[in-house]
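Residues are numbered in the numbering used here as their position in the sequence shown, beginning at 1, plus a constant of 110.
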Amino acid sequence: MKSDQVENFPGVLPSNGSREEIKKRGRPPVRMMRSGSEDIVVGENSALEGSFETQGSMFVDGNLMGTDLRAMLLSIGTTGSVAGKANVTRAEIAGTFDGHLNAEGEVILRATAHVSGEITCGKLVSHRGACVRAHVTVLEDEPEYSEVPLDPKILPVMQFQKRLSRRFVQRVMNFGYGVGFTLGLIGLVSYF
Numbered sequence: 111m112k113s114d115q116v117e118n119f120p121g122v123l124p125s126n127g128s129r130e131e132i133k134k135r136g137r138p139p140v141r142m143m144r145s146g147s148e149d150i151v152v153g154e155n156s157a158l159e160g161s162f163e164t165q166g167s168m169f170v171d172g173n174l175m176g177t178d179l180r181a182m183l184l185s186i187g188t189t190g191s192v193a194g195k196a197n198v199t200r201a202e203i204a205g206t207f208d209g210h211l212n213a214e215g216e217v218i219l220r221a222t223a224h225v226s227g228e229i230t231c232g233k234l235v236s237h238r239g240a241c242v243r244a245h246v247t248v249l250e251d252e253p254e255y256s257e258v259p260l261d262p263k264i265l266p267v268m269q270f271q272k273r274l275s276r277r278f279v280q281r282v283m284n285f286g287y288g289v290g291f292t293l294g295l296i297g298l299v300s301y302f
């Protein structure tokens, strides 16, 4: 491409020009993705197949078929579809997912989501309208508590306290009703 042809493409550096030349003309240089960016974006008109692994997020608006992906966040847009296995920390699905989804954290199914296969997650949030035809397993983070057997010596004392508290509440309620009724009568009598 010759330097005079480059003029029609803003932001492209001419082969014999410099950044200062571009700055003088008021055109910014082409911006490249930073080398630290870990996100993968699959565009709406894209169809990909294979394995994907990233320490960042995976945004899918196109089609991923027969895939095995690993990411921190999986976000499937309304036009996106993923078929295969996914191991993620968190997932948000507004499109279609068919396969095995393993999420350590939460999985959010938006109203337009269509999910089939198997889901294993720490927490599941499903909006009204989401179509779920999957085997779902929600793992509990809280430890299970075992019941402590009661000491037979303490049981009669607890039962006595329960009966005593019920009687006390009944007596207070009856007293309150009586006081209310009496004050109501006094008010009626004083009215006439």
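Ideal Cβ placement from N, Cα and C applies to all residues, glycine included. This one's a predicted model, so the numbers in the text were calculated from it and none came from an experiment.
Residue burial classification, residue i (beta-carbon count within 10 angstroms, cutoff 16)
i           : result
residue 166 : exposed
residue 152 : buried
residue 302 : exposed
residue 300 : exposed
residue 207 : buried
residue 179 : buried
residue 294 : exposed
residue 200 : buried
Within 7 Å, strictly: CB atoms of residue i and residue j
i           : j           : result
residue 209 : residue 193 : yes
residue 244 : residue 227 : yes
residue 168 : residue 158 : no
residue 197 : residue 173 : no
residue 171 : residue 160 : no
Helix, strand or coil at residue i according to DSSP, with G and I counted as helix
i           : result
residue 215 : coil
residue 299 : helix
residue 290 : helix
residue 282 : helix
residue 148 : coil
residue 154 : coil
residue 176 : strand
residue 249 : coil
residue 220 : coil
residue 204 : coil
Alpha-carbon to alpha-carbon, residue j and residue i
i           : j           : result
residue 239 : residue 163 : 31 Å
residue 279 : residue 218 : 46 Å
residue 150 : residue 176 : 17 Å
Per DSSP, the bridge partner or partners of residue i
i           : result
residue 237 : For residue 237, which the question treats as bridged, DSSP gives no partner whatsoever.
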